[in-house]
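For reference, the structure is listed below as structure tokens.
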Amino acid sequence: MSIPDINNLLTLDVETRLVLVQKLWDSIFEDAEGGSTLPLSPPERELLDARLKEDDDDPESAVSWDEARAELLRER
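Quick note: the sequence shown, position 34, residue 222 per the numbering used here, numbers continuous.
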């Protein structure tokens, strides 16, 4: 499979690039939902496993996406 020239993609208008990004992200999500494994290094896998365990051990400590997003936007 050939990868498109990134420089050509970067010349596209913002709206088109956003559509491409969304389509790419959707395809990655669909692959993951279909059972494909995402390429993770051992340290990344360990970190994700630790975070999942942390959530399983104390689900009340999690914050919603709305709360996390609001905090991130406040820090700008």
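Just so you know, even glycine gets a beta-carbon here, dropped at the ideal spot from N, CA and C.
Please read these numbers as outputs of a predicted model, since none were measured by experiment.
task = Let me know the secondary structure DSSP gives E263 once reduced to three states.
result = coil
inquiry  = Beta-carbon within less than 7 Å of L226's beta-carbon, same chain only, minus the 5 sequence neighbours each way: which residues are those?
reply    = A220
inquiry  = Going by DSSP in three states, T204 sits in which element: helix, strand or coil?
reply    = helix
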